[in-house]
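Chemist: Here the sequence shown is numbered in my numbering, starting from 8 and rising by one per residue.
Ideal Cβ placement from N, Cα and C applies to all residues, glycine included.
This structure is a prediction, so every number in the text was calculated from the model and none was measured.
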Amino acid sequence: MDLSGIQPYTAAQSDFDAFFPEGLLYYWKSLYLDHLDDETIDAMVVHAEDRPSPRTPLVVRHLGGAISRVPEDATVYGNRAAMFNLSIDSTWEDQIQSERNIAWTREVWTKMRRFSGGVIYLNFAGFLEQGEKLLHEAPGANYERLVKVKNKYDPTNLVRLNHNIKPTL
Numbered sequence: 008m009d010l011s012g013i014q015p016y017t018a019a020q021s022d023f024d025a026f027f028p029e030g031l032l033y034y035w036k037s038l039y040l041d042h043l044d045d046e047t048i049d050a051m052v053v054h055a056e057d058r059p060s061p062r063t064p065l066v067v068r069h070l071g072g073a074i075s076r077v078p079e080d081a082t083v084y085g086n087r088a089a090m091f092n093l094s095i096d097s098t099w100e101d102q103i104q105s106e107r108n109i110a111w112t113r114e115v116w117t118k119m120r121r122f123s124g125g126v127i128y129l130n131f132a133g134f135l136e137q138g139e140k141l142l143h144e145a146p147g148a149n150y151e152r153l154v155k156v157k158n159k160y161d162p163t164n165l166v167r168l169n170h171n172i173k174p175t176l
């Protein structure tokens, strides 16, 4: 699928609606991949063949390009040197299958870490079960910049849902 064209924001936000209709259950985790060689692809194929739900894709997003041309410290988005992102998008229909799908996703994510520096994209963070460690790793060296912004604009931690960067004041 080629999604490289210009389109309105609302279209980009609805591109995948048909794949993920209301009522499905989700547990997604991701890793930045250091490379996409035969060994990495073979491992992904083995895992894809063993997936507990036929609705679960293993998605590879090619990064690099314009993303990597921006200096690492120019924005708080970390890991600009990563060339690929692997997203394990476990999706299933029956609540009874939740434990099996979540366990499979965690196992695949753990096994695929050998092809990665271990850093993830926070939009696909599972249940944030890695806790504070995850929040420090995802933005890389930019974490301290985020803390400074939090200290300045939200020292009482009013905005604290999702991936919370805690103020240090």
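Hey, how far is the Cα of alanine 89 from the Cα of leucine 38?
Modeler: Counted from its first residue, the sequence shown places residue 89 at position 82. Counted from its first residue, the sequence shown places residue 38 at position 31. In a straight line, the C-alpha of alanine 89 is about 10 Å away from that of leucine 38.
Chemist: How is isoleucine 103 classed by DSSP in three states: helix, strand or coil?
Modeler: Translated into the one-based positions of the sequence shown, residue 103 becomes position 96. Isoleucine 103: helix per DSSP, three-state reduction.
Chemist: Per DSSP, which residues does alanine 150 bridge with? Please list them.
Modeler: Within the sequence shown, numbered from 1, the residue matching residue 150 stands at position 143. Residue identity differs from the one stated: residue 150 is tyrosine in this sequence, not alanine. For tyrosine 150, which the question treats as bridged, DSSP gives no partner whatsoever.
Chemist: Buried or exposed: which applies to proline 162, given that a residue is buried once 16 or more other Cβ atoms fall within 10 Å of its Cβ?
Modeler: What you label residue 162 is simply residue 155 of the sequence shown in a count that begins at 1. Exposed, by the Cβ-count rule.
Chemist: Are the CB atoms of aspartate 41 and lysine 148 within a distance shorter than 8 Å?
Modeler: Within the sequence shown, the letter at position 141 stands for residue 148. Within the sequence shown, the letter at position 34 stands for residue 41. Residue identity differs from the one stated: residue 148 is alanine in this sequence, not lysine. Not closer than 8 Å, so no.
Chemist: Can you list, in chain order, the residues of its chain with a C-beta nearer than 7 Å to that of asparagine 169? Leave out the 5 residues immediately preceding and following it.
Modeler: The count along the sequence shown starts at 1 and reaches residue 169 at position 162. Cβ neighbours of asparagine 169 beyond the five flanking positions: none.
Chemist: What does a CB cutoff of less than 6 Å around aspartate 24 pick up in its chain, not counting 5 residues either side in sequence?
Modeler: What you label residue 24 is simply residue 17 of the sequence shown in a count that begins at 1. Cβ neighbours of aspartate 24 beyond the five flanking positions: none.
Chemist: In its own chain, which residues sit with a C-beta less than 8 Å from the C-beta of isoleucine 127, not counting the 5 before and 5 after it?
Modeler: Position 120 of the sequence shown, counted from the first residue, corresponds to residue 127. So the list reads Lys36, Ser37, Leu38, Tyr39, Leu141, Glu144, Ala145, once near-sequence residues are dropped.
Chemist: Going by beta carbon distance, what residues of the same chain come within less than 8 Å of asparagine 171, once the five residues before and after it are set aside?
Modeler: By 1-based counting over the sequence shown, the position of residue 171 is 164. Correct list, in chain order: Leu142, Asn164.
Chemist: Using a Cβ-Cβ distance cut-off of 8 Å, determine whether arginine 121 contacts chain B.
Modeler: The chain labelled as chain B is not found in the depicted structure, where only one protein chain is given.
Chemist: List the residues that DSSP assigns as beta-bridge partners of leucine 93.
Modeler: As a working note, residue 93 is residue 86 in the sequence shown. Leucine 93 pairs with Leu38, Val67.
Chemist: When burial is assigned at 16 or more other CB atoms within 10 Å of the CB, is phenylalanine 26 buried or exposed?
Modeler: For the purposes of this step, residue 26 is taken as the residue at position 19 of the sequence shown. The residue in question, phenylalanine 26, is exposed, as its Cβ has fewer than 16 Cβ neighbours within 10 Å.
Chemist: Tell me which residue opens and which closes the alpha helix (DSSP H) that glycine 72 is part of.
Modeler: Numbered from its first residue, the sequence shown carries residue 72 at position 65. Note, glycine 72: alpha helix (DSSP H), 72–76.
Chemist: Sorted by chain position, which residues of the same chain lie with C-beta nearer than 6 Å to threonine 82's C-beta, five sequence neighbours on each side aside?
Modeler: As a first step, residue 82 is located in the sequence shown; it is residue number 75 there, counting from the start. Closer than 6 Å at Cβ, skipping near neighbours: no residue.
Chemist: Check whether the segment 63–71 touches the segment 87–102, taking contact to mean three or more Cβ pairs, one atom from each stretch, closer than 8 Å.
Modeler: The segment 63–71 is in contact with the segment 87–102.
Chemist: What's the call for valine 237, buried or exposed, on a 16-neighbour Cβ count within 10 Å?
Modeler: Residue 237 lies beyond the stretch modelled for the chain, which goes from 8 to 176, so this question has no answer here.
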